[in-house]
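Asks:
Number of protein chains: 2
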Amino acid sequence: MTTTRQDCRALDAKDPLRALRDLFDIPADTIYLDGNSLGAMPRSAPARVAEVVTREWGRDLIRSWNSAGWFEMPRKVGDQIARLIGAAPGTTIATDSTSVNLFKALSAAQRISAETRPGRWRIVSERSNFPTDLYIAEALCKDKGWELVLVEPHEIAEALKDEKLAILMLTHVNYRTGAMHDMAAITQAAHAAGALVVWDLAHSAGAVPVDLSGADADFAVGCGYKYLNGGPGAPAFVWVNPRHAERCWQPLAGWWGHDKPFAFTPDYQPAPGIVRYQCGTQPMISLAALECGVATVLAAEPLGGMAALRRKSLALTDLFIALVEERCAGHGLSLVTPREHARRGSQVCLSITVSPPAPPLRGSLPPEGAPTGLGRPGAGGEGAYAIVQALIARGVIGDYRAGDGAGHPDILRFGFTPLYLGFEDVWNAVEHLREVLQSGEWQRPEFNRQHAVT
Amino acid sequence: MTTTRQDCRALDAKDPLRALRDLFDIPADTIYLDGNSLGAMPRSAPARVAEVVTREWGRDLIRSWNSAGWFEMPRKVGDQIARLIGAAPGTTIATDSTSVNLFKALSAAQRISAETRPGRWRIVSERSNFPTDLYIAEALCKDKGWELVLVEPHEIAEALKDEKLAILMLTHVNYRTGAMHDMAAITQAAHAAGALVVWDLAHSAGAVPVDLSGADADFAVGCGYKYLNGGPGAPAFVWVNPRHAERCWQPLAGWWGHDKPFAFTPDYQPAPGIVRYQCGTQPMISLAALECGVATVLAAEPLGGMAALRRKSLALTDLFIALVEERCAGHGLSLVTPREHARRGSQVCLSITVSPPAPPLRGSLPPEGAPTGLGRPGAGGEGAYAIVQALIARGVIGDYRAGDGAGHPDILRFGFTPLYLGFEDVWNAVEHLREVLQSGEWQRPEFNRQHAVT
Chain A
1 MTTTRQDCRA
11 LDAKDPLRAL
21 RDLFDIPADT
31 IYLDGNSLGA
41 MPRSAPARVA
51 EVVTREWGRD
61 LIRSWNSAGW
71 FEMPRKVGDQ
81 IARLIGAAPG
91 TTIATDSTSV
101 NLFKALSAAQ
111 RISAETRPGR
121 WRIVSERSNF
131 PTDLYIAEAL
141 CKDKGWELVL
151 VEPHEIAEAL
161 KDEKLAILML
171 THVNYRTGAM
181 HDMAAITQAA
191 HAAGALVVWD
201 LAHSAGAVPV
211 DLSGADADFA
221 VGCGYKYLNG
231 GPGAPAFVWV
241 NPRHAERCWQ
251 PLAGWWGHDK
261 PFAFTPDYQP
271 APGIVRYQCG
281 TQPMISLAAL
291 ECGVATVLAA
301 EPLGGMAALR
311 RKSLALTDLF
321 IALVEERCAG
331 HGLSLVTPRE
341 HARRGSQVCL
351 SITVSPPAPP
361 LRGSLPPEGA
371 PTGLGRPGAG
381 GEGAYAIVQA
391 LIARGVIGDY
401 RAGDGAGHPD
411 ILRFGFTPLY
421 LGFEDVWNAV
431 EHLREVLQSG
441 EWQRPEFNRQ
451 HAVT
Chain B
1 MTTTRQDCRA
11 LDAKDPLRAL
21 RDLFDIPADT
31 IYLDGNSLGA
41 MPRSAPARVA
51 EVVTREWGRD
61 LIRSWNSAGW
71 FEMPRKVGDQ
81 IARLIGAAPG
91 TTIATDSTSV
101 NLFKALSAAQ
111 RISAETRPGR
121 WRIVSERSNF
131 PTDLYIAEAL
141 CKDKGWELVL
151 VEPHEIAEAL
161 KDEKLAILML
171 THVNYRTGAM
181 HDMAAITQAA
191 HAAGALVVWD
201 LAHSAGAVPV
211 DLSGADADFA
221 VGCGYKYLNG
231 GPGAPAFVWV
241 NPRHAERCWQ
251 PLAGWWGHDK
261 PFAFTPDYQP
271 APGIVRYQCG
281 TQPMISLAAL
291 ECGVATVLAA
301 EPLGGMAALR
311 RKSLALTDLF
321 IALVEERCAG
331 HGLSLVTPRE
341 HARRGSQVCL
351 SITVSPPAPP
361 LRGSLPPEGA
371 PTGLGRPGAG
381 GEGAYAIVQA
391 LIARGVIGDY
401 RAGDGAGHPD
411 ILRFGFTPLY
421 LGFEDVWNAV
431 EHLREVLQSG
441 EWQRPEFNRQ
451 HAVT
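As structure tokens, this is what we get:
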């Protein structure tokens, strides 16, 4: 029996999380399936940001460091995020970027490993991990004479047998495929093998239940502007298992990590606990927007919290997969994301395995030196890119990620944020996809990669 | 002949920069002498920030990375800052915090020095440098087996004779005293001695003319939220002399520093030039406010630019010094900031050498563990702290910095931002100071340090 639009409306009608959508201000003509890249704007954000700018900065000026609690904001927002990732209060800081936080966490893990398990000097990660994680690890390894080893997901168990392995660094939910690791099982296996584990929660925090304490993870970092809806480039976060937090300095030993930052002593004395994972002054306006974003996820707590969001997220992605397979059959789409719930994040990725005929080349080539990110060759890439563009033109916003020519195909990527997406939205998105494919409108020149200059 | 209020009004009337004050929205009851800590709010900031939040984030969502130029913002704002510090386009990036940028710059300087002058492993800095600079250097030295040597300003020339000296790291204008170094002369002397020089422009950028290119400096970092008026915790900046920019990776090798960030390749390839000094995604809302702030300083360009701002700044600080000495004589105030123009930044610091009688102890002690930054003992500290509090209660906002008990006294610190301060403001500020001292109102219990909990 096939699913109908009426079925989707019925699902919306009985959705216990339905009211949370009103926490967001999303353009009426948009179905936003890119919250995994940049979360939508909370309705509270404009007024709160205006208050920070006009009152806290403009009127109260320097006094707001105390009166508006600016100095404590990274800890305060960190504690709010902690509730979403199975972390205790006082173990998480909202600060800096994910890349900078990963540098702190990996550096600390290196120091702890070198001290407790000397002779281990390898970091293992996934080849298809988000590149910035690999770059940060690569630079650290280069600096320390360590080695970064990249493996496929199915090779992780084998990699743990390496007695030179010091650190396993993984992203919980893969940014391309949406595949999710079993955090508890992998952490346990890595510990049994004598390694520390650093988790990147960029596509997990606010998207899937995470239990860092329960998994006894070592370090974690994550992103503020994806499922936490914190706004463009919102500060990221870092969590450290309390048993590690005071074992070493992290190398970005700035004054916000000092035990007595306003004593202005010339020597560094790290603050107790997670506070030493701060470095310099934080961008308060962006941090205020992040607090609004985190509040939208915390608003689900009385309705069942992350478990309820997860149930709806799986229902949405199940529905999307079923509808694509029912209604877009015959167009060469394949599911890249795992079908198994336990292995799926909150996004669905499709590849297009039948490469449609290339559209006629029109217009000028992009200028020499223009960003080439959207123009990597790959099987079906022309189609995947153009289909995403055609959907965006219809107000269905997903994104395209180029393949790597080494087993990872070009993909159409669709994120499903249960806070603001409904079941009829999924129906409508798939209808647009079906129409784009059936009409061939994706072959229009304006959707061709040759037209993309950025 | 003493200066009168009428004289000050006459100076305002003929001030060619007078109109720039209208670029700011400062409370009418406030004389703001703390722009060296947090610059005042540009009148353009609320609308621009609202546009980023409501339109770019809320309506255009993920598309704004391209359509609103988010991805290029750090380079764009960096190029704007470059015009204020004697730097060429394409050599400055607005990004991260000052501390994080200093880590990048110092790390790169270490690498370059180790390669070109092996056997040098000392970093020299000033004992009264802003502490975060010392902490970052201390942590790097600890990591690399280097040594950080702290000296007094008059010992720098001697320190350059040390043949183990690799890097001289100085803040151009001292955060406590307002004393300014001769950047060109010191850089030249350090180069002659075989050392690289890293300058911190936190109290210089937008405050005094800086000519990094002319001085042939090696690296520089600076702050966005002081004289650049970028808002609380605004992103900072980093400049690298083009002859060094491509000589090494900096260790925070995040994806924004990659040559092709959207190619998502697993290996790091640093971008050409200063772009490799980026790391992760930047906070766009705060960055937009920074652009508004930088624009207020650039608005002086048609009126003579930094040279004109400097003339007015010196006239303001000269006036403040003269009026304090004329009108507050006999209250034990001493000038800490150098009187000589070439050695003075855009602030004036006073110490109070005659310790007034301690006020009666009233009220409860601060809670155990409360921040103690405002409560360090020092000669005259009770007086300095309480006088600043009494001035703030009158709307004259300066700040207090505790002494270190090692030759640096407690100080009353007053910053003078020529963009929004006039000569009559200076008159009024000194009148308030005179009244606070003559009336003894600073001795009221509410101004006592014991009442400060943060």
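As you go down the protein sequences, you meet chains A and B in turn.
The letter at position 369 of the first sequence is residue 369 when you use UniProt numbering, and the numbering goes up by one with no holes.
The letter at position 284 of the second sequence is residue 284 when you use UniProt numbering, and the numbering goes up by one with no holes.
Using N, Cα and C, we set each Cβ at its ideal position, and we do this for glycine too.
Looking at chain A, is there any beta carbon in it that lies within less than 8 Å of the beta carbon of H258 of chain B?
Replies: True, the Cβ-Cβ gap to chain A drops below 8 Å.
Asks: Got a sec: does the ligand MG put a non-hydrogen atom nearer than 7 Å to the Cβ of P27 of chain B?
Replies: As presented, the structure is devoid of all ligands, the ligand MG included, so that no description of it is given.
Asks: Please list, in chain order, the chain B residues whose beta carbon lies closer than 8 Å to that of D399 of chain A.
Replies: By Cβ distance, chain B contributes I62.
Asks: Can you check whether the CB of R401 of chain A is closer than 8 Å to the CB of residue 455 of chain A?
Replies: One cannot answer for residue 455 of chain A here, as it falls past the ends of chain A, which runs 1 to 454.
Asks: Closer than 8 Å, Cβ to any Cβ of chain B: which residues of the segment 70-93 of chain A, in chain order?
Replies: Listed by position along the chain: W70, F71.
Asks: Assign C292 of chain A to one of three DSSP states: helix, strand, or coil.
Replies: Looking at C292 of chain A - three-state DSSP - the assignment turns out to be helix.
Asks: Cβ closer than 7 Å: which chain A residues qualify as neighbours of C279 of chain B?
Replies: Near C279 of chain B (Cβ distances below 7 Å), the residues of chain A are S97, S99, V100.
Asks: Establish whether the CB of M284 of chain B and some CB of chain A are separated by less than 8 Å.
Replies: Yes, because at least one Cβ of chain A sits closer than 8 Å to the Cβ of M284 of chain B.
Asks: Tell me which same chain residues have a C-beta within less than 8 Å of the C-beta of E431 of chain A, skipping the five on either side of it?
Replies: The residues are R327.
Asks: Let's see if you can read the secondary structure: which residues bound the beta strand (DSSP E) around M183 of chain B?
Replies: It is not in any beta strand (DSSP E) - M183 of chain B instead sits in the alpha helix (DSSP H) that spans 183-192.
Asks: Between C349 of chain B and I285 of chain B, how many whole angstroms is the CB-CB distance? I'm expecting something under 8 Å.
Replies: Wrong, their Cβ atoms sit about 34 Å apart, outside the cutoff.
Asks: If you check the beta carbons only, do F24 of chain B and P42 of chain B fall under 8 Å apart?
Replies: Against a cut-off of 8 Å, the Cβ pair of P42 of chain B and F24 of chain B comes out as a contact.
Asks: Looking only at its chain, what residues have a beta carbon closer than 8 Å to the beta carbon of R18 of chain A, apart from the 5 residues adjacent to it on each side?
Replies: D12, G422.
Asks: Taking the DSSP output, what are the residues bridged to Q347 of chain B?
Replies: In DSSP, Q347 of chain B forms a bridge with B:G415.
Asks: Considering only the alpha carbon of each residue, which of B:A50, B:E56, B:T54 lies closest to T54 of chain A?
Replies: Ranking the options by Cα distance to T54 of chain A, first place goes to B:A50.
Asks: Would you check if there are 3 or more beta carbon pairs closer than 8 Å linking the segment 211-224 of chain A to the segment 178-196 of chain A?
Replies: The answer is yes - the segment 178-196 of chain A touches the segment 211-224 of chain A, with three or more Cβ pairs under 8 Å.
Asks: Which residues in the same chain as D211 of chain A place their Cβ atom closer than 6 Å to its Cβ, once the five residues preceding and following it in sequence are excluded?
Replies: Correct list, in chain order: G86.
Asks: Roughly how many angstroms lie between the CA atoms of Q278 of chain B and W256 of chain B, to the nearest whole one?
Replies: Cα to Cα, the separation comes out at about 5 Å.
Asks: Would you kindly check if the distance between the Cβ of A205 of chain B and the Cβ of residue 456 of chain B is under 8 Å?
Replies: What the structure shows of chain B is the stretch from 1 to 454, and residue 456 of chain B is not part of that stretch, so it cannot be assessed.
Asks: In chain order, what residues of the same chain have a beta carbon less than 6 Å from the beta carbon of R276 of chain A, not counting five sequence neighbours either side?
Replies: The answer, listed in chain order, is G257, P270.
Asks: Tell me where the alpha helix (DSSP H) around I136 of chain B begins and ends.
Replies: 131-144 is the extent of the alpha helix (DSSP H) around I136 of chain B.
Asks: Could you check whether the Cβ of E291 of chain B sits closer than 8 Å to any Cβ belonging to chain A?
Replies: Taking Cβ atoms only, chain A never reaches closer than 8 Å to E291 of chain B, which makes this a no.
Asks: Please confirm if G254 of chain A has its CB atom under 8 Å from at least one CB of chain B.
Replies: Answer yes: the Cβ-Cβ gap between G254 of chain A and chain B drops below 8 Å somewhere.
Asks: Under three-state DSSP, which class holds S334 of chain A?
Replies: The answer is strand: DSSP assigns S334 of chain A an E or B state.
Asks: Take D79 of chain A as the anchor and find which of A:A68, A:I31, A:T92 has the nearest alpha-carbon.
Replies: That would be A:T92, whose Cα lies nearest to the Cα of D79 of chain A.
Asks: Find out if the Cβ-Cβ distance for the pair G202 of chain B, T98 of chain B is shorter than 8 Å.
Replies: Inspection of the sequence shows that residue 202 of chain B is occupied by Ala rather than by Gly. Closer than 8 Å, so yes.
Asks: Please determine, among B:K312, B:A109, B:G440, B:G90, the residue with the shortest C-alpha to C-alpha distance to Q250 of chain B.
Replies: It is B:A109 whose Cα lies nearest to the Cα of Q250 of chain B.
Asks: Measure the C-alpha to C-alpha separation of V336 of chain B and K14 of chain B and round it to an integer number of angstroms.
Replies: When rounded, the distance between both Cα atoms is 30 Å.
Asks: How would you write the range of the beta strand (DSSP E) that D200 of chain B sits in, first residue to last?
Replies: Here the beta strand (DSSP E) through D200 of chain B covers 196-200.
Asks: What residues from chain B crowd round R127 of chain A, counting only those whose CB sits closer than 9 Å?
Replies: Neighbours of R127 of chain A on chain B, chain order: P266.
Asks: For L365 of chain A, name the three-state secondary structure that DSSP assigns.
Replies: Because the pLDDT of L365 of chain A is 40, which lies under 50, any placement of that residue in the model is unreliable, and the question is left without a value.
Asks: Please list, in chain order, the chain A residues whose beta carbon lies closer than 8 Å to that of W249 of chain B.
Replies: Correct list: A139, K142.
Asks: Per DSSP, Y32 of chain B forms a beta bridge with which residues?
Replies: Bridge partners of Y32 of chain B: B:I397.
Asks: Pick helix, strand or coil for F24 of chain A, following the three-state DSSP scheme.
Replies: Strand, per DSSP.
Asks: So, does the CB of M183 of chain B fall closer than 8 Å to a CB anywhere in chain A?
Replies: No, its Cβ sits nowhere closer than 8 Å to a Cβ of chain A.
Asks: Taking the alpha carbon of Q443 of chain A as the reference point, which residue from A:G405, A:A390, A:P409 has its own alpha carbon closest?
Replies: That would be A:A390, whose Cα lies nearest to the Cα of Q443 of chain A.
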